[in-house]
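Read through the structure below, which is laid out as structure tokens, and then see the notes.
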Amino acid sequence: RWAAPAANGRSGGKSKASSKASAKVAKASSTGGGRASLPNPPSVIDGPLQRFLVFEAPNDANLTLYIDELKKHDCRHLVRACDPTYSEEPLLQSGIAVHEFTFADGTAPPDAVVNEWLKLLRNVASEEAAAAAAAA
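Our numbering puts the first residue of the sequence shown at 17, with every later residue one more than the last.
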């Protein structure tokens with residue numbers, strides 16, 4: 017299961033509007049004004065073997081909201097396709113591995129990134145198959 021934070025479904029930075037929305041969410045959660053939610057929910061893509069979540073790039077102020085959402089979807093791997101805007105340590109502490117597959121916004125990923133992505137997909141599928149066989 018995967019998550020790839022990206023701006024507007026692509027890699028890259030955040031827009032001014034999403035930065036303002038993130039600030040509102042961070043403020044709501046810090047003031048105790050009810051349970052805050054993500055300013056923009058993830059796009060969910062269900063594949064035959066895996067589920068993919070596409071997010072806007074979080075920041076340190078709202079990262080806990082993203083971690084909560086990732087946990088709801090049993091996400092164990094996060095692929096960062098944009099420049100880092102948040103610390104990976106809280107993700108690692110939550111049991112979510114972080115993979116850096118960054119490439120320029122508005123461009124196709126280079127072959128090296130595509131190959132690493134496919135390798136990661138194969139590795140996770142193999143791990144999940146082995147875990148399922150061990151449980152049977």
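Virtual Cβ for every residue (Gly too), placed ideally from N, Cα, C.
In this text the structure is predicted, and so the values were computed from the model without any measurement.
Give me whichever residues DSSP pairs with residue i in a beta bridge.
| i | result |
| --- | --- |
| D153 | Absent from the structure is residue 153, since the part of the chain shown begins at 17 and ends at 152. |
Which of the three DSSP states is assigned to residue i in this structure?
| i | result |
| --- | --- |
| E116 | strand |
| T101 | coil |
| G106 | Note that residue 106 corresponds to Pro in the displayed sequence, not to Gly. Correct three-state label for P106: helix. |
Under DSSP, the alpha helix (DSSP H) around residue i begins and ends at which residues?
| i | result |
| --- | --- |
| R138 | 127-151 |
| E85 | 79-88 |
Could you give the distance in angstroms between the alpha-carbon of residue i and the alpha-carbon of residue j?
| i | j | result |
| --- | --- | --- |
| A138 | E132 | Checking the sequence, you will find Arg at residue 138 rather than Ala. Approximately 10 Å between the Cα atoms of the pair. |
| Y82 | P64 | 24 Å |
| V95 | H89 | 15 Å |
| L107 | L136 | 18 Å |
| D99 | P58 | 18 Å |
| E85 | D76 | 15 Å |
In the DSSP assignment, find the unbroken beta strand (DSSP E) run with residue i in it and report its ends.
| i | result |
| --- | --- |
| L54 | Element bounds for L54: n/a, residue is neither H nor E. |
| H93 | 93-96 |
Here's a check: name, in chain order, each residue in its chain whose Cβ is nearer than 6 Å to the Cβ of residue i, leaving out the five neighbours to either side.
| i | result |
| --- | --- |
| E104 | V114 |
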